[in-house]
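Accompanying notes for the structure given below.
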Amino acid sequence: MDTRQKMVAEARLFVRLGLMAFLGFGYYYAHLFFGLLGNAFLFKALAVLFLVASVPLPIIALNNKKLFPELGSHGKQMVALASVLILVHHFLMTFLFVMFLQGGRMG
4 MDTRQKMVAE ARLFVRLGLM AFLGFGYYYA HLFFGLLGNA FLFKALAVLF LVASVPLPII
64 ALNNKKLFPE LGSHGKQMVA LASVLILVHH FLMTFLFVMF LQGGRMG
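What follows is the structure, given as structure tokens:
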């Protein structure tokens, strides 16, 4: 695999994981406010799945200097910051789901 193909594959992986992380936002808040899933194991497993999907985002964004070559240095810093914030958000929400929620909704 040459360098260009590897770079494209990493960018695709980053975008796919980012889309899955944004689906996680929808899942977390839909479950918190509407209590969509009645099975406690299933909603905890999905919370962990979205957390695991968001873990590689900051790693890829911070370690790959050739990711999204069209962006300037400030754009790359914003991508890295956003990916770290997504990871922190998903970690806190997963902690809340696994430790405190019993399967119902919050409100």
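Just add 3 to wherever you are in the sequence shown, counting from 1, and you've got my numbering. We put the beta carbon where it would ideally sit given N, CA and C, even for glycine.
Distance, residue j Cα to residue i Cα
i, j, result
"Ser86", "Leu52", "16 Å"
"Gln80", "Asp5", "26 Å"
"Gly110", "Leu40", "Confidence in Gly110 is poor, its pLDDT being 48 and thus under 50, which makes the residue's placement unreliable; the coordinate value appears in the next sentence. Their Cα atoms are separated by approximately 15 Å."
"Leu99", "Val18", "26 Å"
"Arg7", "Leu74", "17 Å"
Close Cβ partners of residue i (< 7 Å) along its chain, the five nearest in sequence each way excluded
i, result
"Leu49", "Tyr30"
"Lys69", "Met10"
For residue i, the three-state DSSP class (helix, strand or coil)
i, result
"Leu22", "helix"
"Glu13", "helix"
"Phe71", "coil"
"Gly29", "helix"
"Leu39", "coil"
C-beta contact flag for residue i and residue j at 8 Å
i, j, result
"Leu54", "Phe94", "yes"
"Ser57", "Gly27", "yes"
"Ala83", "Leu65", "yes"
Span of the alpha helix (DSSP H) around residue i
i, result
"Val51", "Ala43 to Ser57"
"Met102", "Ser76 to Met102"
Same chain, Cβ closer than 6 Å to residue i, five either side skipped, listed in chain order
i, result
"Met96", "Tyr31"
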